[in-house]
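Those protein sequences? They're chains W and Z, same order as listed. Each residue of the first sequence is one higher than the one before, counting from 1103 in the numbering used here. Each residue of the second sequence is one higher than the one before, counting from 1430 in the numbering used here.
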Amino acid sequence: MPESLTAPATTVGAPDLTAAEVEWIDRALIDESVRTPVMFFFTTAQTWLLAATVIGFICSIKLHWPTFLGDWSFLTYGRLWPAFTNIFVYGWALPAGIGTSIWITARLTRVVLRAPWIPIISGIFWNIGVTVGVIAVLAGNMQPYQLLEFPRQASVLLFIAYALIGVWGVIMFHNRRPGHIYISLWYLVGAFFWFPWLYASANLMVGSPHLHGVVNNAVAAWYAQGLLGYFFASVGLGTIYYLIPKVIGKPIHSYNLALLGFWSFEIFWGLTGMVRFTGGPFPVWYSSLSIAALILLLIPVGTVGVNILMTMRDDTHMVYHSPAIRFTMYGTVAWLVGMVITILGSVREMAPYTEFTNFQIGSFQLLVYAFFTMVMFGAMYYIVPRLVGCEWLSASFIRLHFWGAGYGIGFMILLLIISGLVQGSCWNAPADFKHPTEVLDEIMPYLIGRSLAWIPLIIAHFLFFIHFIAMLLRLGQPSGEPTLFAPIPEGEHKP
Amino acid sequence: MKPPPRIFSGILAVFALSFVVLAVVPALQLGGLQPFVDEDAGDIYPIDVSGVQAQGRAVYVSQGCVACHTEQVRGASDGADLDRGWGVRRTVARDYIYERPVLLGYMRLGPDLANIGSRKDPDDPDKYTPAWHYLHLYNPHLTSPGSIMPSYKFLFEDRKIAGQPDPDALDLPGDLAPAPGHQIVPTTEARDLVAYLTSLDHSHPLKEAGPNIQPPKTTGTGGAAK
């Protein structure tokens, strides 16, 4: 296989072609080679996103209307909620990230993919795994650990699928054309390595007969936290570092800052798992260590933030023109805000008020939706036209998608964060809120508001799905000029 | 073959550090915990349970109760769990050595259940009894108006009374009552689940958890719902 992958893409470089033309053909060949696997991952991801949207909305309704669809065990809240989070994470977010990683890796290593069946087989395994896992959860066959609910049969399939992708990614990296390794590749190669490793060790350990008592919970927390950093943050930031300079046509502000941001993030984030159990049945130093590591994360938050914002400083008007930039910048800001909120919510003084409340769901959605998912939307707006050979049908569709997703998730996260603090404060005031239902009464308006916040999200997701299907059917605008919100003034760099 | 670049060793080292600190160290430190044994008093805690309580734990897992209920009590410096009457001491790693799987949970839309089996309401002695739990599971509004807990009607069945009524048959008011000659009885799953819930008790003193407190008088009802 290495031979087939190392074949240079420039064999077509006939002498009468200019360098720019060779470059263009080169890119076209690389894009052509990854088209089927990337579009396969994107299409399945979109489909799961719709499923997650419907199930998430039902979950939200059930919290203020508990008898809604309440007569069947497979639709009980305790099963629908893990089904929703797992579909969102393993059905939508990871495959969207995998598709984006494949494309960016191929572009950055400048290797023509000669074995597209490897990632396609992987995609098939992955989706069978998610289907099996979701059916098992709805049938009640699950583990009680967050994001590890899928039973063994499903997790084995997911592992095989990602291991194939990981091996493929590392081979691509190994056969890259010589030269500088761009920062995005650091993040993506990291994710190719880390996720299968993390997933395999967590699944082999948690629930095995050799692991006793709360060690299971410690490893499960290590996994759930690791997934956020080693996959979502890595792929998301890697994509941001690729898309922004590409669209605005300028290099990143500082390469050294980027490297500092990369290593400090990955090292410190890996130690933060135990913030999920402050005050829990563990030795106190576990959570103290994790809180300290989390505070040190202000270093990468600062460096990555400064670096991206400085890169964008003269081109902020691009958020009015380019869909890719608008979604990506939303994601960048959400990452910075999400990290700061996660850090603030985890310090020892705050933990009693944020732990086991909606605050946790809010900060999770900040990182997995407002950051990662928005960046993936931006990446799809950039990548898909290059793969299918036509441009997005309608700028209004994209605009509506942005407003629906951006405002919907922003409103929902705000409600979750505030209601979490209310919920935590009430639980901690037993004299004033004696009965659990009195605590619920306090957060009820927020729970109803959260269902309302789902409405723009539902519209956005269905609209994007239709728009995406139109692209699959090649119903877009003719190739050439990208679909922008507004034309870019003369003399500016065009994406 | 190009030599593997620095990035691979770095990636390896980052992951290994995280794995060792957050997975291997807990496994070594907490994986071998033994129960507390006082041979003179013939006192062993915790005890490995099996039978209906273990099956009830499986029902708890399968119904996804962890989505709203925790089973861990934080100490006085980490919140008001003790003031709320959720326990007489914080829970520690030793409490869970025989639990499989461990149901620490991650969300409190409902109360903590670590000590639901030993919880008492001085104003209402019927509260937290098996009969109360059956009614609460069948229709949470009968015992806790305003609760958002889902009904677990599907864990009960409508059966014709043959001879003596079942002692666990639900005592349902008004229009919820079954047809004459019929009774609503818990299925095996519901019986196991209630056996599990009423067995939940982490109040046995343990040295590492500090001294037990007296349950606060004002919040004796602080556990479950109204």
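Ideal Cβ placement from N, Cα and C applies to all residues, glycine included. Everything numeric in this text was worked out from a predicted model, so none of it was measured.
With burial defined as no fewer than 16 other Cβ atoms inside 10 Å of the residue's Cβ, what is the status of residue i: buried or exposed?
{"i": "Leu-1586 of chain W", "result": "buried"}
{"i": "Thr-1146 of chain W", "result": "buried"}
{"i": "Arg-1501 of chain W", "result": "exposed"}
{"i": "Met-1431 of chain W", "result": "buried"}
{"i": "Glu-1251 of chain W", "result": "buried"}
{"i": "Ala-1360 of chain W", "result": "buried"}
{"i": "Ile-1206 of chain W", "result": "buried"}
{"i": "Pro-1580 of chain W", "result": "exposed"}
{"i": "Val-1490 of chain Z", "result": "buried"}
{"i": "Glu-1528 of chain Z", "result": "buried"}
{"i": "Gly-1433 of chain W", "result": "buried"}
{"i": "Leu-1457 of chain Z", "result": "exposed"}
{"i": "Leu-1554 of chain W", "result": "exposed"}
{"i": "Thr-1418 of chain W", "result": "exposed"}
{"i": "Asn-1188 of chain W", "result": "buried"}
{"i": "Thr-1178 of chain W", "result": "buried"}
{"i": "Leu-1533 of chain Z", "result": "buried"}
{"i": "Val-1403 of chain W", "result": "buried"}
{"i": "Phe-1570 of chain W", "result": "buried"}
{"i": "Gly-1471 of chain Z", "result": "exposed"}
{"i": "Val-1488 of chain Z", "result": "buried"}
{"i": "His-1312 of chain W", "result": "exposed"}
{"i": "Trp-1494 of chain W", "result": "buried"}
{"i": "Glu-1105 of chain W", "result": "Interpretation of Glu-1105 of chain W is limited by its pLDDT of 37, a score under 50 that renders its predicted location unreliable; the figure taken from the coordinates is listed afterwards. It counts as exposed."}
{"i": "Asp-1173 of chain W", "result": "exposed"}
{"i": "Met-1244 of chain W", "result": "buried"}
{"i": "Glu-1637 of chain Z", "result": "exposed"}
{"i": "Gln-1593 of chain Z", "result": "exposed"}
{"i": "Leu-1537 of chain Z", "result": "The sequence as given places Arg at residue 1537 of chain Z; Leu does not occur at that position. Counting Cβ neighbours within 10 Å, Arg-1537 of chain Z comes out buried, since at least 16 surround it."}
{"i": "His-1498 of chain Z", "result": "buried"}
Below 8 Å on the Cβ atoms is my contact criterion, and I expect residue i with residue j to pass it. Report the Cβ-Cβ distance as a whole number of Å.
{"i": "Leu-1400 of chain W", "j": "Ile-1445 of chain W", "result": "7 Å"}
{"i": "Ile-1550 of chain W", "j": "His-1166 of chain W", "result": "5 Å"}
{"i": "Val-1317 of chain W", "j": "Pro-1455 of chain Z", "result": "5 Å"}
{"i": "Leu-1605 of chain W", "j": "Tyr-1471 of chain W", "result": "Limits of chain W in this structure are 1103 at one end and 1597 at the other, which puts residue 1605 of chain W out of reach."}
{"i": "Met-1482 of chain W", "j": "Phe-1144 of chain W", "result": "6 Å"}
{"i": "Gly-1375 of chain W", "j": "Ser-1392 of chain W", "result": "6 Å"}
{"i": "Gly-1506 of chain W", "j": "Pro-1425 of chain W", "result": "Contact flag wrong, Cβ pair sits at about 14 Å."}
{"i": "Tyr-1660 of chain W", "j": "Leu-1131 of chain W", "result": "For chain W, the structure presents residues 1103 to 1597; residue 1660 of chain W sits outside this window and is missing."}
{"i": "Lys-1352 of chain W", "j": "Thr-1413 of chain W", "result": "7 Å"}
Looking at C-alpha atoms only, which residue of the options is the closest neighbour of residue i?
{"i": "Gly-1158 of chain W", "options": "W:Tyr-1509, W:Pro-1402, W:Ile-1463 and W:Phe-1295", "result": "W:Ile-1463"}
{"i": "Lys-1582 of chain Z", "options": "Z:His-1562, Z:Tyr-1567, Z:Lys-1589 and Z:Gly-1575", "result": "Z:Tyr-1567"}
{"i": "Ala-1185 of chain W", "options": "W:Ala-1130, W:Trp-1371, W:His-1276 and W:Tyr-1247", "result": "W:Tyr-1247"}
{"i": "Ala-1256 of chain W", "options": "W:Ile-1273, W:Val-1232, W:His-1276 and W:Asn-1243", "result": "W:Val-1232"}
{"i": "Ile-1519 of chain W", "options": "W:Val-1442, W:Val-1258 and W:Ala-1426", "result": "W:Val-1442"}
{"i": "Pro-1599 of chain W", "options": "W:Leu-1210, W:Ile-1568 and W:Tyr-1422", "result": "In this structure chain W extends from 1103 to 1597, so residue 1599 of chain W is not present and cannot be described."}
{"i": "Ser-1506 of chain Z", "options": "W:Lys-1164, W:Pro-1221 and W:Thr-1380", "result": "W:Thr-1380"}
{"i": "Ile-1273 of chain W", "options": "W:Phe-1294, W:Glu-1540 and W:Leu-1398", "result": "W:Phe-1294"}
{"i": "Glu-1454 of chain W", "options": "W:Gly-1351, W:Pro-1347 and W:Gly-1526", "result": "In the sequence on display, residue 1454 of chain W carries Pro and not Glu. Out of W:Gly-1351, W:Pro-1347 and W:Gly-1526, W:Gly-1526 has the C-alpha closest to the C-alpha of Pro-1454 of chain W."}
{"i": "Pro-1280 of chain W", "options": "W:Leu-1210, W:Gly-1382 and W:Gly-1328", "result": "W:Leu-1210"}
{"i": "Pro-1197 of chain W", "options": "W:Trp-1183, W:Ile-1230 and W:Phe-1384", "result": "W:Ile-1230"}
{"i": "Tyr-1332 of chain W", "options": "W:Phe-1474, W:Leu-1411, W:Ser-1448 and W:Lys-1352", "result": "W:Phe-1474"}
{"i": "Tyr-1474 of chain Z", "options": "Z:Pro-1640, Z:Pro-1551, Z:Asn-1641 and Z:His-1631", "result": "Z:His-1631"}
{"i": "Phe-1461 of chain W", "options": "W:Val-1524, W:Gly-1508, W:Arg-1415 and W:Ala-1263", "result": "W:Val-1524"}
{"i": "Ile-1397 of chain W", "options": "W:Pro-1347, W:Leu-1151, W:Gln-1148 and W:Val-1449", "result": "W:Val-1449"}
{"i": "Ile-1427 of chain W", "options": "W:Val-1477, W:Ala-1394, W:Pro-1383 and W:Trp-1437", "result": "W:Val-1477"}
{"i": "Val-1466 of chain Z", "options": "Z:Pro-1594, Z:Pro-1634 and Z:Asp-1600", "result": "Z:Pro-1634"}
{"i": "Asp-1604 of chain Z", "options": "Z:Leu-1571, Z:Pro-1596, Z:Arg-1620 and Z:Glu-1618", "result": "Z:Leu-1571"}
{"i": "Gly-1508 of chain Z", "options": "W:Tyr-1344, W:Glu-1457, W:Ser-1366 and W:Ile-1204", "result": "W:Glu-1457"}
Residues of chain C with CB closer than 7 Å to the CB of residue i, please, in chain order.
{"i": "Phe-1465 of chain Z", "result": "In the displayed structure, chain C is absent; the protein chains listed are W and Z."}
Cβ contact (3+ pairs, closer than 8 Å) linking the segment 1135-1152 of chain W and the segment 1212-1224 of chain W: As far as the Cβ criterion goes, the segment 1135-1152 of chain W touches the segment 1212-1224 of chain W, which means the pair count is three or higher.
Contiguous alpha helix (DSSP H) assignments of at least 4 residues, all confined to the segment 1381-1431 of chain W: Fully enclosed alpha helix (DSSP H) runs of 4 or longer: 1386-1398 and 1400-1414.
The segment 1568-1582 of chain W contacting the segment 1476-1496 of chain W, beta-carbon criterion three pairs below 8 Å: With a cut-off of 8 Å, the segment 1476-1496 of chain W and the segment 1568-1582 of chain W count as touching, because enough Cβ pairs lie within range.
The segment 1539-1550 of chain Z touching the segment 1507-1525 of chain Z, judged by at least three CB pairs closer than 8 Å: The answer is yes - the segment 1507-1525 of chain Z touches the segment 1539-1550 of chain Z, with three or more Cβ pairs under 8 Å.
Stretch-stretch touch, CB-based, cutoff 8 Å, three pairs: the segment 1498-1513 of chain Z with the segment 1521-1540 of chain W: Touching, yes, given that three or more Cβ pairs across the two stretches are closer than 8 Å.
Cβ pair count under 8 Å reaching 3, the segment 1290-1304 of chain W against the segment 1434-1449 of chain Z: With a cut-off of 8 Å on Cβ pairs, the segment 1290-1304 of chain W is in contact with the segment 1434-1449 of chain Z, counting three or more such pairs.
Given 8 Å, three or more beta-carbon pairs between the segment 1605-1615 of chain Z and the segment 1575-1593 of chain Z: When Cβ pairs closer than 8 Å are counted between the two stretches, the segment 1605-1615 of chain Z is seen to touch the segment 1575-1593 of chain Z, the count reaching three or more.
Uninterrupted alpha helix (DSSP H) stretches inside the segment 1285-1321 of chain W (no shorter than 4 residues): Runs found: 1285-1307.
Continuous beta strand (DSSP E) assignments of at least 3 residues falling wholly in the segment 1574-1651 of chain Z: If we require 3 residues or more, the beta strand (DSSP E) runs fully inside the segment 1574-1651 of chain Z come out as 1585-1589 and 1611-1615.
Alpha helix (DSSP H) runs wholly inside the segment 1474-1559 of chain W, at least 4 long, in chain order: Every unbroken stretch of the alpha helix (DSSP H) spanning 4 or more residues and falling wholly within the segment 1474-1559 of chain W is given here in chain order: 1476-1490 and 1497-1529.
contact_flag[the segment 1284-1293 of chain W, the segment 1333-1347 of chain W] where n(CB pairs < 8 Å) is 3 or more: They touch, by the three-pair rule.
Unbroken stretches of the beta strand (DSSP E), 3 residues or longer, contained in the segment 1470-1528 of chain Z: As far as the segment 1470-1528 of chain Z is concerned, its whole beta strand (DSSP E) runs of at least 3 residues are 1472-1474.
Any beta strand (DSSP E) of 3 or more consecutive residues that is wholly inside the segment 1221-1254 of chain W: Segments of the beta strand (DSSP E) lying fully in the segment 1221-1254 of chain W: there are none.
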